[in-house]
Amino acid sequence: MTVHLYLSLVPEALIASMLTPEQFGAYYAVGSEKKSHGQAIFFELDPDYRTDALPIEAGLRRCVPHEDGEPKRSVYISVYRALEHISLNAIKQLYLVTQDGRVLGLDPSPVMPAEEAGLHLYQEIAPVHPLVVSTLPPHEFYDLIVNNPTSLLTLPAVCFVELRLGELADNPEYGAVGDLPYANIDHLRQCLVDLRTKTVSTKMVDRISPASFPYRTIKSGIFVGNKEQFIYFPLPSRDELRAKQYRWWRSANM
Numbered sequence: 016m017t018v019h020l021y022l023s024l025v026p027e028a029l030i031a032s033m034l035t036p037e038q039f040g041a042y043y044a045v046g047s048e049k050k051s052h053g054q055a056i057f058f059e060l061d062p063d064y065r066t067d068a069l070p071i072e073a074g075l076r077r078c079v080p081h082e083d084g085e086p087k088r089s090v091y092i093s094v095y096r097a098l099e100h101i102s103l104n105a106i107k108q109l110y111l112v113t114q115d116g117r118v119l120g121l122d123p124s125p126v127m128p129a130e131e132a133g134l135h136l137y138q139e140i141a142p143v144h145p146l147v148v149s150t151l152p153p154h155e156f157y158d159l160i161v162n163n164p165t166s167l168l169t170l171p172a173v174c175f176v177e178l179r180l181g182e183l184a185d186n187p188e189y190g191a192v193g194d195l196p197y198a199n200i201d202h203l204r205q206c207l208v209d210l211r212t213k214t215v216s217t218k219m220v221d222r223i224s225p226a227s228f229p230y231r232t233i234k235s236g237i238f239v240g241n242k243e244q245f246i247y248f249p250l251p252s253r254d255e256l257r258a259k260q261y262r263w264w265r266s267a268n269m
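For any residue, its number in the working numbering is found by taking its place in the sequence shown, counting from 1, and adding 15.
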């Protein structure tokens with residue numbers, strides 16, 4: 016049986032598995048008594064990838080079928096600081112899994128999303144997961160965190176998503192909330208207003224925000240970067256998701 020390497024982001028872990036990405040996503044979201052049911056977000060890695068920082072070879076040796084022939088579902092290779100030790104060249108695809116196990120695969124794009132005026136809302140996913148508002152577009156936000164920190168805090172790698180703000184991006188004080196599902200919207204408005212009146216480029220909305228988020232709030236896609244590379248995984252348009260990935264889209268909107 017083929018052994019796959021998966022880098023889970025929620026929670027962060029490097030895992031060997033004999034399950035295909037679709038099978039692994041369903042198992043990881045709903046099929047284990049060891050994990051609370053919920054969203055799963057993970058990268059599929061090149062199975063030939065190796066690094067001295069992680070015992071990948073030892074994990075693969077343990078990933079063998081059960082005595083009854085059933086495939087081994089998971090062997091945890093690392094549950095700590097996995098993302099920073101992975102070369103982004105090893106990433107093949109990103110998978111978003113809904114709470115009921117519907118799996119959507121996303122390919123990396125060589126083209127970054129067009130920069131737009133207005134404010135931004137970012138949910139960091141790994142290795143930490145605060146909710147942050149910023150005046151910076153995605154590439155500059157990543158650069159601030161990884162390459163050019165303005166404080167003593169820095170990350171060797173980061174994965175984050177830009178979330179929709181709707182009218183609040185341009186008019187945080189009076190813009191209509193519309194279908195935005197965020198908790199404590201008045202606090203979010205105030206954080207956005209503060210960005211307009213202060214010299215800082217980022218402001219923490221929630222330092223202990225959960226890493227999961229409603230997929231329907233994704234503005235453009237998922238971003239991952241380290242000191243060497245920055246990669247963008249665009250989410251298809253709503254119309255394309257309805258037409259080609261209806262079951263996933265319906266599940267994501269439940």
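For every residue, glycine included, the Cβ atom is placed at its ideal position computed from N, Cα and C.
With distances taken between CB atoms, is the gap from residue i to residue j smaller than 8 Å?
i, j, result
"residue 86", "residue 146", "no"
"residue 229", "residue 196", "yes"
"residue 137", "residue 182", "no"
"residue 226", "residue 116", "no"
"residue 172", "residue 91", "no"
"residue 159", "residue 66", "no"
"residue 239", "residue 233", "no"
"residue 213", "residue 161", "no"
"residue 250", "residue 121", "yes"
"residue 53", "residue 114", "yes"
"residue 235", "residue 128", "yes"
"residue 60", "residue 22", "yes"
"residue 144", "residue 224", "yes"
Out of the options, point me to the one whose CA is closest to residue i's CA.
i, options, result
"residue 256", "119, 189, 210 and 194", "119"
"residue 209", "188, 77 and 258", "188"
"residue 205", "238, 22 and 149", "149"
"residue 89", "100, 77 and 95", "77"
"residue 101", "261, 198, 63 and 37", "63"
"residue 237", "58, 105, 268 and 39", "58"
"residue 25", "84, 175 and 108", "175"
"residue 97", "79, 170 and 153", "170"
"residue 268", "17, 219, 194 and 203", "194"
"residue 260", "112, 220 and 105", "112"
"residue 106", "19, 263 and 254", "19"
"residue 126", "248, 262, 266 and 252", "248"
"residue 95", "68, 203 and 61", "68"
"residue 55", "73, 36, 163 and 71", "36"
"residue 215", "108, 198 and 207", "207"
"residue 31", "190, 124 and 80", "80"
"residue 186", "72, 133 and 139", "133"
"residue 72", "93, 83 and 82", "93"
Specify the secondary structure class of residue i as computed by DSSP and reduced to three states.
i, result
"residue 205", "helix"
"residue 213", "coil"
"residue 110", "strand"
"residue 242", "coil"
"residue 79", "coil"
"residue 236", "strand"
"residue 227", "coil"
"residue 139", "strand"
"residue 266", "helix"
"residue 21", "strand"
"residue 120", "strand"
"residue 153", "helix"
"residue 195", "coil"
"residue 185", "coil"
"residue 38", "helix"
"residue 68", "coil"
"residue 131", "coil"
"residue 96", "coil"
According to DSSP, which residues form a beta bridge with residue i?
i, result
"residue 91", "30"
"residue 169", "Paired residues: none, contrary to the question."
"residue 221", "146"
"residue 62", "Paired residues: none, contrary to the question."
"residue 102", "In DSSP, residue 102 forms no bridge with anything."
"residue 55", "112"
"residue 177", "137"
"residue 247", "124 and 238"
Could you confirm whether any beta carbon from chain B is found closer than 8 Å to the beta carbon of residue i?
i, result
"residue 119", "No chain B appears in this structure, which consists of one protein chain only."
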